[in-house]
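A.B. asks: Sequential numbering of the sequence shown, starting at 2, is according to our numbering.
Before I ask anything, let me first share the structure, which is written out below as structure tokens.
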Amino acid sequence: MKPAYDFVIIGSGFGGSVSAYRLTAEQKRLGRPASVCVMERGKRYLRGQFPRDVGRPKDFSFRNEGRDGWHGIFDVRSGDNISVLCGAGVGGGSLVYLDVQVDAFASTFDIVGPEGRRRWPSTVNWHEEMPGYYARMESMLRPSPIPDPPLKTIALREAAHGAGMAERFKLVDLAVFWGKQGGERGVVFNDPYQRGGPPQGACQMCGECFLGCNTHSKNTLDLNYLWFAERAGAEVFSQHRVTRIEPRPGGGYTVYFDDLAAQSPGSVTARNVVVSAGTTGSTELMLKCKHGYRSGRTQFAPTMPRISEMLGRYFSGNGDFGAVAFQSRRVTEPAVGPTITAAIDCRDLLDGHGFYIEDGGIPEVLRANMRLYPGGVSTGQRVLHWLRGLVSTRTPASLAEQVFDLLDLEAVRNALVYLTMGIDAADGVMSIDQAGQLQIHWDHTQSMRYLRKVEETLRAISETPVPGSDGPGIAANLMLNPTWSFNKHLLTLHPLGGCPMGDDETMGVVSPAGEIFNYPGLYITDGSIIPTALGPNPSKTIGAVSERVGDHIIAKGI
Ligand SMILES: Cc1cc2nc3c(=O)[nH]c(=O)nc-3n(C[C@H](O)[C@H](O)[C@H](O)COP(=O)(O)OP(=O)(O)OC[C@H]3O[C@@H](n4cnc5c(N)ncnc54)[C@H](O)[C@@H]3O)c2cc1C
2 MKPAYDFVII GSGFGGSVSA YRLTAEQKRL GRPASVCVME RGKRYLRGQF PRDVGRPKDF
62 SFRNEGRDGW HGIFDVRSGD NISVLCGAGV GGGSLVYLDV QVDAFASTFD IVGPEGRRRW
122 PSTVNWHEEM PGYYARMESM LRPSPIPDPP LKTIALREAA HGAGMAERFK LVDLAVFWGK
182 QGGERGVVFN DPYQRGGPPQ GACQMCGECF LGCNTHSKNT LDLNYLWFAE RAGAEVFSQH
242 RVTRIEPRPG GGYTVYFDDL AAQSPGSVTA RNVVVSAGTT GSTELMLKCK HGYRSGRTQF
302 APTMPRISEM LGRYFSGNGD FGAVAFQSRR VTEPAVGPTI TAAIDCRDLL DGHGFYIEDG
362 GIPEVLRANM RLYPGGVSTG QRVLHWLRGL VSTRTPASLA EQVFDLLDLE AVRNALVYLT
422 MGIDAADGVM SIDQAGQLQI HWDHTQSMRY LRKVEETLRA ISETPVPGSD GPGIAANLML
482 NPTWSFNKHL LTLHPLGGCP MGDDETMGVV SPAGEIFNYP GLYITDGSII PTALGPNPSK
542 TIGAVSERVG DHIIAKGI
């Protein structure tokens, strides 16, 4: 690593990879040497390197604390009434995400929050500007619907039909390479999109998207945006976790980090810094800069006390709500196909602030692993431990055991998993404790109207018609997310907010161009700057907004 760069980018997910590509490409276009450094706390995974042995939790969990920490691909943060799951690795959340690339509900851009404020900056016409940025995401990630839908997709269509919602069913666009002519499952193609990209295998329908795609069929960011950034000269440092940012007298910033592989601290300077550590990562980092924190015996003073008081506000789980329809009268085989394939589009409900119900999946490798545990399912202690960590460290141990006992592994073959997301109130707050650890405070009260409608709709599509009668529908038994049913605790894969955009510092932490108010040359672009729930899966919008931020940094002069 050089001692100084024009740009240091923190994190390599949707915000970081888009920024790395745009800024490096612009330097190249101007005939300047690339001077872009990307620091990512997670590991780099090459084709075939994603872990599969669920008995090795260190491969799956990312944790800072403990001797040397754990550097796996999932980071779980447990908060009040909500837990957040996100990815860690070169490519960020795209490594574990479920491939869905869809635009936000148009109604999002006009949302007024429960506090009575218009959330998106009013100086930008988002309806007019976003389509162009969405198009850029599409040209890079090449999303398209699955060409040959598997059984679970048909089951979701039938579920919609049964509830009189057939016209709401649709296949969703997935950032997956399906092969050139179809029927080529598992075949590896050199540079399949013919643009100087890496080899990728055609999707083999293994349902393991969630665990990292070992065939590189998923168009993750390390295979496109970041791939091209590196080829244009961007330097990417994996296992580098940024701990602090400090303004330098006379301009620019010093970025402090821990090299997790070498177990040594370091620092680098930059004229400009782009923080893209994700909703939880960026908010935690900026809270540490604003308020200071203690690490062991060392007290770190605040480095940027003038960050807006809006820091930490507008947290949203994007309305994520999971459920399973058991004992359906259809064979669903949820292990076959990409994890998500289709949706029931309910965006028009709740005055245009509705939701999307997607099918989910259960990778066969998880099922198979469970069976291998000595003593069988009921004593699969390590799996229970992993599941419990995933759901919530604050959930009683017995709950994970009850859930696990309910899971008859054969019954999974005709179970339909639902992943619902939509417009919640986005009124959560994030803060840090004295040690600089993120705390998430979320309360469902303002989102109850939304959650009730979701439950009512899930029940209608699952339990119609009544078991035994003929006609469309799957006639199943609905089980809501048990952590919600037991103690009103939700799990989100789609955290947003914390460093919201706003017209000025009383309304947000960053300007619509992503620049932090009072700190020129310091930008944030990732899920944390999104000031509301978006409705469906958010990564396309996060990437599109990051494209927009990139344009503004370039226009300012790099
Ligand atoms: C299981 C799962 C499935 C999902 N499926 C979908 C889907 O199908 N479609 C969709 O649109 N969205 C999906 N999402 C959500 C999507 O992944 C996120 O919205 C998206 O990745 C957020 O982009 P981001 O740039 O904000 O952050 P991220 O992609 O999370 O990137 C942040 C990066 O910063 C790194 N980082 C954090 N802190 C530091 C630090 N201090 N120093 C250095 N690096 C740091 C992280 O390791 C991470 O790599 C899914 C998420 C999960 C977990």
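Just so you know, even glycine gets a beta-carbon here, dropped at the ideal spot from N, CA and C.
Only a predicted model underlies this, so the values are computations on that prediction, with no experimental measurement involved.
Please report the distance separating the alpha-carbon of S123 from that of N519.
C.D. replies: Taking the first residue of the sequence shown as 1, we reach residue 123 at position 122. Taking the first residue of the sequence shown as 1, we reach residue 519 at position 518. Rounded to the nearest angstrom, the two C-alpha atoms are 20 Å apart.
A.B. asks: Checking the sheet assignment: what are the DSSP bridge partners for I554?
C.D. replies: In the sequence shown, residue 554 corresponds to position 553, counting from 1. According to DSSP, I554 bridges with nothing at all.
A.B. asks: Nearer than 7 Å: is that true of the beta carbon of D260 relative to any heavy atom of ligand 1?
C.D. replies: The residue labelled residue 260 in the question sits at position 259 within the sequence shown. No; taking the cut-off as 7 Å, the Cβ of D260 has no heavy atom of ligand 1 nearer than that.
A.B. asks: In this structure, how does DSSP classify Y374 when only helix, strand and coil are distinguished?
C.D. replies: Against the sequence shown, residue 374 aligns to sequence position 373. Bear in mind that a pLDDT of 47 at Y374, under 50, signals an unreliable position, so the number given afterwards is only what the model happens to contain. If DSSP states are grouped into helix, strand and coil, Y374 belongs with coil.
A.B. asks: Around the C-beta of S296, are 16 or more other C-beta atoms found within 10 angstroms, so that it is buried, or is it exposed?
C.D. replies: Translated into the one-based positions of the sequence shown, residue 296 becomes position 295. Its Cβ having fewer than 16 others within 10 Å, S296 is exposed.
A.B. asks: Can you list, in chain order, the residues of its chain whose CB lies under 7 Å from that of D552, leaving out five sequence neighbours each side?
C.D. replies: Here residue 552 refers to the residue found at position 551 of the sequence shown. Within the same chain, D552 has no close Cβ partners at all.
A.B. asks: Along the alpha helix (DSSP H) that carries I462, what are the first and last residues, could you check?
C.D. replies: Taking the sequence shown and counting its residues from 1, one reaches residue 462 at position 461. That run of the alpha helix (DSSP H) goes M449 to E464.
A.B. asks: Examine the Cβ distances between the stretch 260 to 267 and the stretch 208 to 227 and report whether three or more of them are shorter than 8 Å.
C.D. replies: Between the stretch 260 to 267 and the stretch 208 to 227 there are fewer than three inter-stretch CB-CB distances shorter than 8 Å, so the stretches are not counted as touching.
A.B. asks: So the candidates are A107, S317, L261 and P4; which of them puts its Cα closest to the Cα of R45?
C.D. replies: Translated into the one-based positions of the sequence shown, residue 45 becomes position 44. Of the candidates A107, S317, L261 and P4, the one whose C-alpha sits nearest the C-alpha of R45 is L261.
A.B. asks: Below 7 Å, is the gap between the Cβ of S268 and the nearest heavy atom of ligand 1?
C.D. replies: Taking the first residue of the sequence shown as position 1, residue 268 is located at position 267. For ligand 1, not one heavy atom lies less than 7 Å from the Cβ of S268.
A.B. asks: Assuming Q102 and M138 are in contact, meaning their beta carbons sit under 8 Å apart, how far apart are those beta carbons, in whole angstroms?
C.D. replies: Working through the sequence shown from its first residue, we reach residue 102 at position 101. Working through the sequence shown from its first residue, we reach residue 138 at position 137. That belief holds up - the Cβ atoms of Q102 and M138 are roughly 7 Å apart, short of 8 Å.
A.B. asks: Kindly indicate which residue of M431, P537, Q438 and L481 has the alpha-carbon position closest to the one of A416.
C.D. replies: Working through the sequence shown from its first residue, we reach residue 416 at position 415. Of the candidates M431, P537, Q438 and L481, the one whose C-alpha sits nearest the C-alpha of A416 is L481.
A.B. asks: Compare the Cα-Cα distances from L439 to each of G515, G279, H217 and N273 and report the closest residue.
C.D. replies: By one-based count along the sequence shown, residue 439 stands at place 438. Per the Cα distances, G279.
A.B. asks: Does D100 pass the burial test, meaning 16 or more other C-beta atoms within 10 Å, or should it be called exposed?
C.D. replies: Translated into the one-based positions of the sequence shown, residue 100 becomes position 99. With at least 16 other beta carbons inside 10 angstroms of its own, D100 counts as buried.
A.B. asks: Quick one: which unbroken beta strand (DSSP E) runs of 3-plus residues sit fully inside the stretch 97 to 171? Chain order, please.
C.D. replies: none
A.B. asks: Quick check: is any heavy atom of ligand 1 less than 7 Å from the C-beta of H72?
C.D. replies: Stepping through the sequence shown from its first residue, residue 72 is reached at position 71. Proximity of the beta carbon of H72 to ligand 1 is not indicated: no heavy atom of the ligand is located closer than 7 Å.
A.B. asks: When you compare each of F106, V325, I358 and P115 to K541 by their alpha carbons, which one comes out closest?
C.D. replies: What you label residue 541 is simply residue 540 of the sequence shown in a count that begins at 1. Ranking the options by Cα distance to K541, first place goes to F106.
A.B. asks: Return the residue from the list P199, P496, P151 and R33 that minimises the CA-CA distance to G313.
C.D. replies: Taking the first residue of the sequence shown as 1, we reach residue 313 at position 312. It is P496 whose Cα lies nearest to the Cα of G313.
A.B. asks: Anyone know if the C-beta pair for P148 and G92 falls short of 8 Å?
C.D. replies: Taking the first residue of the sequence shown as position 1, residue 148 is located at position 147. Taking the first residue of the sequence shown as position 1, residue 92 is located at position 91. Not in contact: P148 and G92 (Cβ atoms no closer than 8 Å).
A.B. asks: Within this structure, are the beta carbons of L2 and F238 separated by less than 8 Å?
C.D. replies: If you number the sequence shown from 1, residue 2 lands on position 1. If you number the sequence shown from 1, residue 238 lands on position 237. According to the sequence provided, residue 2 is Met. The question's Leu does not apply to it. Yes.
A.B. asks: Please identify the residue among S529, G70 and D505 whose C-alpha is closest to the C-alpha of A427.
C.D. replies: Residue numbering aside, residue 427 sits at position 426 when the sequence shown is read from its first letter. Considering only alpha carbons, the answer is S529.
A.B. asks: In the DSSP assignment, find the alpha helix (DSSP H) that holds N478 and state where it starts and stops.
C.D. replies: The residue given as residue 478 occupies position 477 in the sequence shown. Taken as a continuous stretch (DSSP letters only), N478 belongs to no alpha helix (DSSP H), being part of the beta strand (DSSP E) at N478 to L481.
A.B. asks: Alpha carbon to alpha carbon, how far is G503 from P193?
C.D. replies: The sequence position of residue 503 within the sequence shown is 502, counting from 1. The sequence position of residue 193 within the sequence shown is 192, counting from 1. Answer to the nearest angstrom: the Cα atoms are 40 Å apart.
A.B. asks: For the putative contact between H490 and I83, defined by C-beta atoms under 8 Å, what is the C-beta separation to the nearest angstrom?
C.D. replies: Position 489 of the sequence shown, counted from the start, is the residue given in the question as residue 490. Position 82 of the sequence shown, counted from the start, is the residue given in the question as residue 83. Indeed, because the Cβ distance is near 7 Å, the residues count as touching under 8 Å.
A.B. asks: Would T421 pass as a contact of F322 if the rule is Cβ separation under 8 Å?
C.D. replies: Reading the sequence shown from its first residue, position 420 is the one you call residue 421. Reading the sequence shown from its first residue, position 321 is the one you call residue 322. Yes; because the gap between Cβ atoms is below 8 Å, this pair is in contact.
A.B. asks: Report, in whole angstroms, the separation of the C-beta atoms of L492 and T109, which I expect to be a contact under 8 Å.
C.D. replies: Indexing the sequence shown from 1 puts residue 492 at position 491. Indexing the sequence shown from 1 puts residue 109 at position 108. Not quite, the Cβ-Cβ distance comes to about 22 Å (not below 8 Å), so this is no contact.
A.B. asks: Beta carbon of F356, beta carbon of G320: below 8 Å?
C.D. replies: As a first step, residue 356 must be located in the sequence shown, where it is residue number 355. As a first step, residue 320 must be located in the sequence shown, where it is residue number 319. Yes, these two residues count as a Cβ contact at 8 Å.
A.B. asks: To the nearest whole angstrom, what separates the beta carbons of I517 and Y524, a pair I think is in contact under 8 Å?
C.D. replies: Counting from one through the sequence shown, the residue named residue 517 turns up at place 516. Counting from one through the sequence shown, the residue named residue 524 turns up at place 523. Yes, they are in contact, since the Cβ atoms of I517 and Y524 sit about 7 Å apart, within 8 Å.
A.B. asks: Tell me whether the beta-carbon of I363 lies closer than 8 Å to the beta-carbon of I345.
C.D. replies: Numbered from 1 along the sequence shown, position 362 holds the residue referred to as residue 363. Numbered from 1 along the sequence shown, position 344 holds the residue referred to as residue 345. Not a contact, by the Cβ cut-off of 8 Å.
A.B. asks: Helix or strand or just coil, what does DSSP make of S84?
C.D. replies: Working through the sequence shown from its first residue, we reach residue 84 at position 83. Correct three-state label for S84: strand.
A.B. asks: In chain order, what residues of the same chain lie with their CB nearer than 7 Å to the CB of V418, ignoring the 5 residues before and after it?
C.D. replies: For this step, residue 418 is matched to residue 417 along the sequence shown. The answer, listed in chain order, is V325, P335, D360, G361, G362 and I363.
A.B. asks: Candidates A230, R48 and C210: which alpha carbon is nearest A21's?
C.D. replies: Taking the first residue of the sequence shown as 1, we reach residue 21 at position 20. The option with the nearest alpha carbon to A21 is A230.
A.B. asks: Enumerate in chain order the residues of its own chain whose CB-to-CB distance from R549 is below 6 Å, with the five nearest sequence positions on each side excluded.
C.D. replies: Along the sequence shown, read from residue 1 onward, the residue named residue 549 stands at position 548. Answer for R549: Y134, listed in chain order.
A.B. asks: Can you tell me whether DSSP reads P4 as helix, strand or coil?
C.D. replies: Reading the sequence shown from its first residue, position 3 is the one you call residue 4. Note: P4 maps to coil in three-state DSSP.
A.B. asks: Curious, which full-length alpha helix (DSSP H) runs of at least 4 residues does the stretch 468 to 551 contain?
C.D. replies: List check, alpha helix (DSSP H) in window: 483 to 488.
A.B. asks: Which of helix, strand or coil does DSSP assign to Y194?
C.D. replies: Here the question's residue 194 lines up with position 193 in the sequence shown. Note: Y194 maps to coil in three-state DSSP.
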